[in-house]
Amino acid sequence: LLFFKIVTSFAHLLYTKMEEHEGVEEEEKDPSFEEFSHPIPWQKIEAEGLDCDYALLFLKGEADNLFRQLEEEVVYSTGEEAKVQVFGKVYNIPRKQATYGNAGLTYTYSGVRRLASPWTPTLEYIRNAVTGATGQKFNFVLINRYKDGQDHMGEHRDDEKELDPSCPIASVSLGAARDFVFRHRDARGKRSSRQIDPVKLELAHGSLLLMNPPTNTFWYHSLPVRKKVLSPRINLTFRRILEDVTKQSKRNINSKNPD
Numbered sequence: 001l002l003f004f005k006i007v008t009s010f011a012h013l014l015y016t017k018m019e020e021h022e023g024v025e026e027e028e029k030d031p032s033f034e035e036f037s038h039p040i041p042w043q044k045i046e047a048e049g050l051d052c053d054y055a056l057l058f059l060k061g062e063a064d065n066l067f068r069q070l071e072e073e074v075v076y077s078t079g080e081e082a083k084v085q086v087f088g089k090v091y092n093i094p095r096k097q098a099t100y101g102n103a104g105l106t107y108t109y110s111g112v113r114r115l116a117s118p119w120t121p122t123l124e125y126i127r128n129a130v131t132g133a134t135g136q137k138f139n140f141v142l143i144n145r146y147k148d149g150q151d152h153m154g155e156h157r158d159d160e161k162e163l164d165p166s167c168p169i170a171s172v173s174l175g176a177a178r179d180f181v182f183r184h185r186d187a188r189g190k191r192s193s194r195q196i197d198p199v200k201l202e203l204a205h206g207s208l209l210l211m212n213p214p215t216n217t218f219w220y221h222s223l224p225v226r227k228k229v230l231s232p233r234i235n236l237t238f239r240r241i242l243e244d245v246t247k248q249s250k251r252n253i254n255s256k257n258p259d
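Under the UniProt record's numbering, the residue at position 127 of the sequence shown is numbered 127, and the numbers go up by one with no gaps.
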């Protein structure tokens, strides 16, 4: 088992030692991204078909504040929207979920179609920070809240047709540190055809994990149960939804359900 232990204190040290370059003439930038335009130290994580970048995006004080604000702002799904369909069976999601994004965007996975709620101020702030750090623009975020180590996420790939395949998925973690496990599609279960070691990361409070293409083609990922974790974690995965696909999905639904 490959284990990449991400040491938060080391990331803090790198972060605080970064120097600002003065007297360098820069091009005009979008002012909403200006405060996030400074470089951050990235750690590259690679394996066959796996390409990820990891960094500490927010220091502890700011990460603590963002967590508190999200606890006040985010409204999580309930009822039927808090369930998923797997192999024809309906299950309660073992965590809380919410979806936010640009007006009219939808995202369908596990047999459930999610409509994006409007961005909140804190979500816009975090999204802009991610854009400033990565150079990528995102129009949608899926939020998962894990109350403790019993809440979890099973193995899956983010390969839905609505997602822009050229855009990485940016995962921001706030709260309790949790293990995050990648497993190659050819090395899963009893019918695995190859011997490929899993890749395990520990995602720290305030961290950003960038899952670049083609990672979600070849690797499944999960957040396993960790009974010793007693505090909550909020994870935000920023994505770029293809608006044309969303519009086509709406047309298909309307054609099946005419007024």
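For glycine and all other residues, C-beta sits at the position ideal for the given N, C-alpha and C.
Computed from a predicted structure; not experimentally measured.
Count the other C-beta atoms from every protein chain shown that fall within 10 angstroms of the C-beta of residue 121, then say buried if there are 16 or more, exposed otherwise.
exposed
Distance between beta carbons of residue 136 and residue 225, contact taken as under 8 Å:
With a Cβ gap of about 31 Å, residue 225 and residue 136 do not count as contacting.
Residue span of the beta strand (DSSP E) that contains residue 241, given as start and end
That residue, residue 241, is in no beta strand (DSSP E); it is neither H nor E in DSSP.
Integer-rounded CB distance, given that residue 98 should sit under 8 Å from residue 75
The beta-carbon distance between residue 75 and residue 98, rounded to whole angstroms, is 6 Å. This is short enough to meet the 8 Å contact definition.
Report buried or exposed for residue 168, applying the criterion of at least 16 other Cβ atoms within 10 angstroms of its Cβ.
Burial state of residue 168 is buried, judged by a 10 Å Cβ sphere holding 16 or more other Cβ atoms.
What first and last residue would you give for the alpha helix (DSSP H) that runs through residue 126?
121-134
Given residue 60 as reference, the closest of 175, 218, 220, 236 once Cα atoms are compared
That would be 175, whose Cα lies nearest to the Cα of residue 60.
Which residues in the same chain as residue 57 place their Cβ atom closer than 8 Å to its Cβ, once the five residues preceding and following it in sequence are excluded?
40, 129, 130, 133, 172, 206, 207, 208
For residue 92, count neighbouring Cβ atoms within 10 angstroms of its own Cβ and tell me buried if that reaches 16, exposed if not.
exposed
Alpha carbon of residue 242 to alpha carbon of residue 164, nearest angstrom
6 Å
What's the C-alpha gap between residue 160 and residue 240?
Approximately 11 Å between the Cα atoms of the pair.
Below 8 Å on the Cβ atoms is my guess for residue 141 versus residue 123; work out the distance and round it to an integer in Å.
6 Å
Cβ neighbour criterion (16 or more within 10 Å) applied to residue 62
Burial call: exposed.
I need the DSSP call for residue 155, collapsed to helix, strand or coil.
strand
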